[in-house]
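Quick note on our numbering: the first sequence kicks off at 5 and runs consecutively. Worksheet for the structure shown next.
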Amino acid sequence: MNPEISKIFSEMALFFNMQDDVFRYRAYEKGALILDNLSRDVSDIYKTEGVKGLVDLQGIGRGMAEKIEEYIKTGHIKEYEALKKKMPVDMEELTAIEGLGPKGVKVLYKELSVKNLKDLERAARAGKIRNLTGFGEKTEKNILEGIEFVKKNRGRMLLGYAWPRAQHLIEEFRGMKEVTEVSTAGSLRRRCETVGDMDILVAVENSSAPAEAGAELILDKFVSMKGVEKVWGRGPTKASIRVKGNFDIDLRVVPKESWGAALQYFTGSKSHNIKLRQIAIDKKLKLNEYGLFRGNKKIAGKTEEEVYKALGLDYIEPELREDTGEIEAMLCAVSDTAHRHVRCRTPHICSLPKVIEYDSLQGDLQVQTNWTDGDHSIEEMAKEAKRLGRKYIAITDHTKALAMTGGSDEKKLMRQMVEIDKLNKKISGIKILKGAEVNILKDGSLDIEDEVLAKLDVVGVSVHTSLKMSKKDMTERILRAIKNPNVDILFHPTGRLLKKRDPYDVDMEQIINMAVKTNTILEINAHPERLDLKDEHIRMGVGLGAKFVIDSDAHNYEHLKYLEFGIAQARRGWAEASDVLNTLPIDEFLGKLK
DNA sequence: GCCGTTTTCGGCCCGACTGTTTTCAGTCG
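In structure tokens:
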């Protein structure tokens, strides 16, 4: 229920903004964000703890709590409907247009009765918008372009596809002699599963005059790069472009002295930063992208570590900066003052984890080959994995219920095991494990006989069919499967495909608890389109004592690199190396299996 | 609308850039 109410709150926020009620606007915007980040469903909280449980959430007070209650009880919120009635505009759709905000929507509605994207396009094409006060020819043109963009490019880019592009860009800038530092920032640096745009930050030598120190050159290069389709804006320190593939990139240039403060500032998240600035204010300091100041005196800003330290905090990894309790955890650990735990109800809240490092995986436990729907042979996959530094991989081709992939039956699996034995003799430096990705059938049984499963080194199971079952049935189906003593790993536990398919309806808490009880490992599937488990379920699992593996789900040797994104996801889920079993050497890893 | 060992009232994060204005409001991140 959280996403529905969050959507209503954020739309209400825009209405309040339109009415110049900025504080109510902020409160509701924040309320929506809180609901998005909440690991429990509000209906669940309400059921067990009532309105009080809702009010206990930092940022949710009496007013919003009662609206949540109203929605749970009646399915709608009266005040929201009254707002919509007074001004029946599709606020979300219209403000999605770059450069158009609530104030603009108000004028467009009052003057031209624009209610939605269609009306907006008609008005813009008719040249009516340019005559409105506050608007002009240029704005009208931007609106038309914005409409085209929204039409073509609904949604965000997957992290796994944005990341390599950003790295490429970063290399370009690193090569310039004016540049002293360069990094991703924003949601990309926090490794959010999808990103709306790409933020790049660059530092130059001279503190007082960045323009003279080469900002001009850097921005020139940026806006004239190959593939630039549009320059949204260009100032002395900042430019914004759209590149081919309908993707926006922002570049900001800062003086070297402010690098840490700027990187911190532009990495966000927004609510993490607001909280930091509040801490600064409480200490009679001011934090902005140029540094941390006492009066006019800069007391920190060269590095991020310095900024956090000056605020009384340890360094916080970018992946954790989502304002989901990381600051409170730190304050608690540092000063032990009584405080309210914000939003997070997991038991390990009072210290920050030492999250898993990017180079810490030794094995990959889900790899497909040309025995089924993969592109390369077992040998090719193994050799590439070895080249990438893996010490072991499990070959986990599909099984027979997935006929379209040419899934293996028992006989084919036996043949494959013979082949793997041969290859293990032939190839040194990497161990190939015998495995399979076995289908969990509708009733929770598996499509391969136990007798054969017992012969495999690693058995992964997953749901690929009958995805639309009820939550109860789907949960029972998976519970039954992981109770099987031959089953080691539950692959992509929620079945989602980012931007394509919602997860199936399943009670993850029950699944995680059963996984712990039966010693079944949960997969963090690193494929950019899956990232399944997602961060909040990982965090729930860590809290409940579950163990994980991070796998590439490679169908091609290029895909073996994806592990990095699974690690990112694990970090976002507050997982430590000890929570992830394929950080172990092979013998220890095998010892952890059922 | 939310919050509180400085406050139950009076605050609420901060700055860049654009396009419209002739000094600034709106939007964005």
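Idealized CB from N, CA, C, for every residue including glycine. Just so it is clear, the structure is predicted and the values come from calculations on it, not from any experiment.
{"Item": "Would you mind sorting A219 into buried or exposed? The rule is 16 or more other CB atoms within 10 Å of its CB.", "Value": "buried"}
{"Item": "Is it the case that the Cβ atoms of I434 and I397 are separated by a distance below 9 Å?", "Value": "yes"}
{"Item": "How many angstroms separate the CA atom of Q268 from the CA atom of I452?", "Value": "51 Å"}
{"Item": "Are the beta-carbon atoms belonging to V46 and M16 less than 9 Å from one another?", "Value": "no"}
{"Item": "Rounded to a whole number of angstroms, what is the C-alpha to C-alpha distance between G464 and D413?", "Value": "15 Å"}
{"Item": "Can you have a look at V93 and say buried or exposed, based on whether 16 or more other CB atoms are within 10 angstroms of its CB?", "Value": "buried"}
{"Item": "Going by DSSP, which residues form a beta bridge with D327?", "Value": "DSSP lists no partner for D327."}
{"Item": "From P489 to T522, what distance separates their C-alpha atoms?", "Value": "8 Å"}
{"Item": "Are there three or more Cβ pairs, one per stretch, closer than 8 Å when the stretch 321-337 is compared with the stretch 549-558?", "Value": "no"}
{"Item": "Could you please give me the residues that DSSP links to N443 through a beta bridge?", "Value": "S466"}
{"Item": "In terms of residues, what are the limits of the beta strand (DSSP E) holding M229?", "Value": "Premise fails: M229 is in no beta strand (DSSP E) and is neither H nor E."}
{"Item": "Compare the C-alpha of I147 against each of V247, R325, E102, Y508 and name the closest.", "Value": "E102"}
{"Item": "Going residue by residue through the stretch 500-575, where are the continuous alpha helix (DSSP H) segments of at least 4 residues, counting only ones entirely within it?", "Value": "512-522, 539-548"}
{"Item": "Give every residue of the same chain whose Cβ lies closer than 6 Å to the Cβ of I174, excluding the five residues on either side of it in the sequence, and list them in chain order.", "Value": "V186"}
{"Item": "Which first and last residues belong to the beta strand (DSSP E) in which E115 is found?", "Value": "From DSSP, E115 is part of no beta strand (DSSP E) but of the alpha helix (DSSP H) over 106-116."}
{"Item": "Return helix, strand or coil for R28, following the three-state DSSP convention.", "Value": "helix"}
{"Item": "Can you give the Cα-Cα distance for V491 and L597, rounded to whole angstroms?", "Value": "9 Å"}
{"Item": "Starting from K290, trace the beta strand (DSSP E) in both directions and tell me its first and last residue.", "Value": "290-292"}
{"Item": "Am I right that M518 and I486 are in contact with their C-beta atoms under 8 Å? What's the rounded C-beta distance?", "Value": "6 Å"}
{"Item": "Identify which residue in G410, V456, I482, L255 has its Cα closest to the Cα of L445.", "Value": "I482"}
{"Item": "How many angstroms separate the CA atom of W578 from the CA atom of T188?", "Value": "21 Å"}
{"Item": "Just grab the DSSP bridge partners of A386 for me.", "Value": "The partner list for A386 (beta bridge, DSSP) is empty, contrary to what the question assumes."}
{"Item": "Closer than 8 Å is the cut-off here; do at least three beta carbon pairs connect the stretch 584-596 with the stretch 354-366?", "Value": "yes"}
{"Item": "Three or more C-beta pairs closer than 8 Å, one from the stretch 498-515 and one from the stretch 454-464: is that the case here?", "Value": "no"}
{"Item": "Does DSSP put D583 in a helix, a strand or coil?", "Value": "helix"}
{"Item": "Can you determine whether any heavy atom of the ligand MN sits closer than 8 Å to the C-beta of K225, and answer yes or no?", "Value": "Of ligands this structure carries none, so the ligand MN is not represented either."}
{"Item": "If I'm right that I424 touches K438 with Cβ under 8 Å, what's the distance once you round it to whole angstroms?", "Value": "5 Å"}
{"Item": "Kindly indicate which three-state DSSP category D363 falls into: helix, strand or coil?", "Value": "coil"}
{"Item": "Using a Cβ-Cβ cutoff of less than 7 Å, which residues in the same chain neighbour I64 once the five nearest sequence positions on both sides are dropped?", "Value": "G35, I38, L58"}
{"Item": "Pull the bridge partners of A207 from the DSSP assignment, please.", "Value": "E185, V258"}
{"Item": "As a quick exercise: from M478, R195, M68, pick the residue whose alpha carbon is nearest that of A574.", "Value": "R195"}
{"Item": "Indicate whether G295 and I285 have their beta-carbon atoms separated by less than 9 Å.", "Value": "no"}
{"Item": "Can you name, in chain order, every residue of its own chain whose Cβ lies under 8 Å from the Cβ of Y165, other than the five neighbours on each side?", "Value": "P532"}
{"Item": "Return helix, strand or coil for S10, following the three-state DSSP convention.", "Value": "helix"}
{"Item": "Going by C-alpha distance, which of K132, I133, K11 is nearest Y75?", "Value": "K11"}
{"Item": "What number of angstroms, rounded off, separates the C-alpha of F27 from the C-alpha of D327?", "Value": "20 Å"}
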